[in-house]
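Protein chains in written order, with this note's numbering: chain A, 173 to 425; chain B, 18 to 483. We put the beta carbon where it would ideally sit given N, CA and C, even for glycine.
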Amino acid sequence: MQSKPMAGRLPEPPSPIADDGDETRFCGTCAFSSACIAAGYDKPELAELQCLVEHVGPFRAGEHIFRTGDPFRAIFAVRAGTVKTRMVDKDGREQVLGFYLPGEVIGLNAIYPEHFPCDAVALDTTYFCRFSFPAMSALASRIPAVQQHLFRMLSKELGTASLLAGDHSADERVAAFLMDLASRYAVRGFSATRFHLSMSRGDIANYLRLAAETVSRVLSRFRSQQLIEIEGRELELLNPKKLREIGQALLPE
Amino acid sequence: MAIPITPPEFDPALIARYDVAGPRYTSYPTAPHFKAEFDEAALRAVIRASNEEPIPRPLSVYVHVPFCMSPCFYCGCNRVITRDVTQADRYLERLYREIELIAPLFDRDRPVRQLHFGGGTPNFLDTAHMGELLESLARHFSFSHAADREYGIEIDPRFADAAYIRAMGELGFNRISVGIQDFDPVVQKAVNRIQSFEQTREVIDAARASGFRSASVDLIYGLPFQSVDGFSRTLDQVVALNPDRVAVYGYAHLPEMFKAQRQIDAADLPDAATRLALFGRALEHLSAAGYVYIGMDHFAKASDELVLAQRAGTLQRNFQGYSTHGDCDIVGLGVSAIGRIGDSYSQNARDLIGYYAALDAGRLPLMRGLQLDEDDLIRRELINELMCHGSVDKQAFGARHRLLFDEYFARERQRLLPLVEDGLATENPREIRVTSRGRLLLRIIAMCFDAYLDDAAQAPRYSRVI
Chain A
173 MQSKPMAGRL
183 PEPPSPIADD
193 GDETRFCGTC
203 AFSSACIAAG
213 YDKPELAELQ
223 CLVEHVGPFR
233 AGEHIFRTGD
243 PFRAIFAVRA
253 GTVKTRMVDK
263 DGREQVLGFY
273 LPGEVIGLNA
283 IYPEHFPCDA
293 VALDTTYFCR
303 FSFPAMSALA
313 SRIPAVQQHL
323 FRMLSKELGT
333 ASLLAGDHSA
343 DERVAAFLMD
353 LASRYAVRGF
363 SATRFHLSMS
373 RGDIANYLRL
383 AAETVSRVLS
393 RFRSQQLIEI
403 EGRELELLNP
413 KKLREIGQAL
423 LPE
Chain B
18 MAIPITPPEF
28 DPALIARYDV
38 AGPRYTSYPT
48 APHFKAEFDE
58 AALRAVIRAS
68 NEEPIPRPLS
78 VYVHVPFCMS
88 PCFYCGCNRV
98 ITRDVTQADR
108 YLERLYREIE
118 LIAPLFDRDR
128 PVRQLHFGGG
138 TPNFLDTAHM
148 GELLESLARH
158 FSFSHAADRE
168 YGIEIDPRFA
178 DAAYIRAMGE
188 LGFNRISVGI
198 QDFDPVVQKA
208 VNRIQSFEQT
218 REVIDAARAS
228 GFRSASVDLI
238 YGLPFQSVDG
248 FSRTLDQVVA
258 LNPDRVAVYG
268 YAHLPEMFKA
278 QRQIDAADLP
288 DAATRLALFG
298 RALEHLSAAG
308 YVYIGMDHFA
318 KASDELVLAQ
328 RAGTLQRNFQ
338 GYSTHGDCDI
348 VGLGVSAIGR
358 IGDSYSQNAR
368 DLIGYYAALD
378 AGRLPLMRGL
388 QLDEDDLIRR
398 ELINELMCHG
408 SVDKQAFGAR
418 HRLLFDEYFA
428 RERQRLLPLV
438 EDGLATENPR
448 EIRVTSRGRL
458 LLRIIAMCFD
468 AYLDDAAQAP
478 RYSRVI
């Protein structure tokens, strides 16, 4: 057997992985850290409030984090990897509802019905912080900043869905999709122009209500127009300004 | 960025010194390292993943037709000698089953940009069978209608006439590859392949008249009774045929591996010096006639796509040698065919018994394969760069793969050192570059970076480098 040399390998690039927290500190991309810290609550104080943050995972590609109808007990913040949420209708047709990147939270749409109204499926190897929801709401009632943060996340979640409403061209949808991902990565401190598309083209197409071949055709066109460079799943936005213009109608101001 | 093509320098003494066995790197890792653990489930998974890329790669379909009417004694290909044309029906029945099983696994928006029929002898199949086979392929795959599609077929001119070639053109083939080896009657007799210049010309002329865009021919040096004078006459005749590409392969005498070669008496083979002189003459002759040396065994006219791709830095190795369609996923159909999908290789059963048994049981006829790991991918790209473009920019390469080139390849650079001292390559902090002296010894240079070659047991499986 040949030996596979590892000398000379450079460390992983700053990839979208939020795993720098420990017993006393939040991860850099934690959805709640800024709200809690701003209110003077650090991790040890939260622990005293029984608001334990539990690390769960890894989930492998294709594994469920929760399923439609599961009782709602917790929300999950993505630490590493990518997740899709989806519904499957009675004919077995899938509808992709959204994609979640490191630092983002899944399960918020279960707060009212108290059952998860969708499935959450890992698209690659994913890790989470699990926030027990009873503890979280108790915390929210004590720390207004946390409550505000929850509300903000909820309204953002509602806003995302409307991104896809209306009658828009495939070019507009795909451009808006790429720019939306770019801005979400940027918010978490990752590169806004180079990222890995963990989702399959089928999932992207389903989410954008387009045919898979249409997604590829639009991406090919963007590539030939030198708006993007794409190699396998590695994407580079060469002309974000132009892409933003194309997707303008679907993007927030 | 235009890459200058360094003309090779022919130094017999130097080449003789490096005359050892080595892989041709039509794949990396090479086929002997494929594993049975790469099974049907693994293949289905890589195909599924390949469909789900943002822009799935187009397809290159290879179809292997294993039959030959008569044995050429030099042959090391996977083939079955028969004159029983009903064998074709039995084979095609399974081939159709394979197409029906594998084609639906690929999304329909992936055009077949490249199609290649190899063998054996593809023209063992008559026009009717060919029509049926093309129809099946077109029904199950999405044939490209782009002008730059490359649909090629290997032809044995002894068993094809102008009408057959016209029919192939009508079926959509636009490239033809013709085996010649040597026109010298003494050599032809010794290798059991009697093929006249006229037969060969008829096929190539018919291809041109039928709208084929490209014709290539294969020659072999190192065959029994070959002489420099005789080979020179062959080269004159080849130049007169005006092919777009010429491949000049070195004969590898491995009778313990290839039964047909036992018909060749080792005593009749040209000695090492003559062998080299034969290749030297081919190089000289073809260069004088306006052909550019691409690398390894391949020459092409200066206007050919291979030359343009080499200059543009987009040339790739593939199983047929060099290719301008390296961005395709390769689907290998037929006995022993090799596919390359995503970061994997897969090979079909190598004998008809295994191939038929799998398909009769409704399974893909996969025998072995390999999912490349990160190190494999890094080395594959490096070897490809060296063999196609003759240089590697260490900084850019390192940045692309997140490695410190000089450290990651510390051992390999040690192995390269004597080659640098012999003037085959140069190395500085920026790049490794193959010199004109090294152009004819690409395999030797590439071998320095092959992580599997430490395993000495593999050595006898490869032919000598020149």
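For residue i, the three-state DSSP class (helix, strand or coil)
i: residue 330 of chain B; result: coil
i: residue 277 of chain A; result: strand
i: residue 215 of chain B; result: helix
i: residue 259 of chain A; result: strand
i: residue 375 of chain A; result: helix
i: residue 267 of chain B; result: strand
i: residue 181 of chain A; result: strand
i: residue 455 of chain B; result: coil
i: residue 244 of chain B; result: coil
i: residue 292 of chain B; result: helix
i: residue 202 of chain B; result: helix
i: residue 412 of chain A; result: helix
i: residue 391 of chain A; result: helix
i: residue 33 of chain B; result: helix
i: residue 286 of chain B; result: coil
i: residue 344 of chain B; result: coil
i: residue 349 of chain B; result: strand
i: residue 76 of chain B; result: strand
i: residue 227 of chain B; result: coil
i: residue 174 of chain A; result: Note that residue 174 of chain A has pLDDT 42, beneath the 50 cutoff, so the model's placement of it is unreliable and the number below is only indicative. Coil at residue 174 of chain A, not helix or strand.
Beta-bridge partners of residue i, as assigned by DSSP
i: residue 169 of chain B; result: B:133, B:192
i: residue 119 of chain B; result: In the DSSP output, where bridge partners are listed per residue, residue 119 of chain B has none listed.
i: residue 339 of chain B; result: B:334
i: residue 298 of chain A; result: A:231
i: residue 362 of chain B; result: B:357, B:387
i: residue 233 of chain B; result: B:194, B:262
i: residue 267 of chain A; result: A:259
i: residue 85 of chain B; result: B:98
i: residue 403 of chain A; result: A:406
i: residue 420 of chain B; result: A:181
i: residue 240 of chain A; result: According to DSSP, residue 240 of chain A bridges with nothing at all.
8 Å contact criterion, which residue i and residue j should meet: CB distance rounded
i: residue 436 of chain B; j: residue 462 of chain B; result: 6 Å
i: residue 253 of chain B; j: residue 231 of chain B; result: Residue 253 of chain B to residue 231 of chain B, Cβ: 22 Å. No contact.
i: residue 25 of chain B; j: residue 310 of chain B; result: 5 Å
i: residue 415 of chain A; j: residue 399 of chain A; result: 6 Å
i: residue 390 of chain B; j: residue 468 of chain B; result: 10 Å between Cβ atoms; not a contact.
Status (buried if at least 16 other CB within 10 Å, exposed otherwise) for residue i
i: residue 202 of chain B; result: exposed
i: residue 44 of chain B; result: buried
i: residue 135 of chain B; result: buried
i: residue 284 of chain A; result: exposed
i: residue 234 of chain A; result: exposed
i: residue 156 of chain B; result: exposed
i: residue 60 of chain B; result: buried
i: residue 226 of chain A; result: exposed
i: residue 37 of chain B; result: exposed
i: residue 103 of chain B; result: exposed
i: residue 539 of chain B; result: With chain B represented from 18 up to 483, any question about residue 539 of chain B goes unanswered, as that position is not in the structure.
Proximity winner among the options, relative to residue i (alpha-carbon distances)
i: residue 58 of chain B; options: B:394, B:410, B:361; result: B:361
i: residue 356 of chain B; options: B:55, B:245, B:35; result: B:55
i: residue 266 of chain A; options: A:375, A:317, A:385; result: A:375
i: residue 115 of chain B; options: B:259, B:241, B:381; result: B:381
i: residue 423 of chain A; options: A:390, A:407, A:235, A:351; result: A:351
i: residue 167 of chain B; options: B:192, B:48, B:183; result: B:192
i: residue 287 of chain A; options: A:271, A:181, A:273, A:305; result: A:305
i: residue 251 of chain A; options: A:309, A:339, A:274, A:378; result: A:274
i: residue 240 of chain B; options: B:401, B:323, B:282, B:305; result: B:282
i: residue 290 of chain B; options: B:33, B:90, B:305; result: B:33
i: residue 253 of chain A; options: A:232, A:247, A:259; result: A:232
i: residue 334 of chain B; options: B:312, B:457, B:317, B:319; result: B:312
i: residue 208 of chain B; options: B:280, B:144, B:359, B:82; result: B:280
i: residue 423 of chain B; options: B:401, B:446, B:442; result: B:446
i: residue 89 of chain B; options: B:363, B:234, B:204; result: B:204
i: residue 293 of chain A; options: A:255, A:362, A:373, A:404; result: A:255
i: residue 340 of chain A; options: A:238, A:242, A:182, A:419; result: A:419
i: residue 466 of chain B; options: B:27, B:196, B:39; result: B:39
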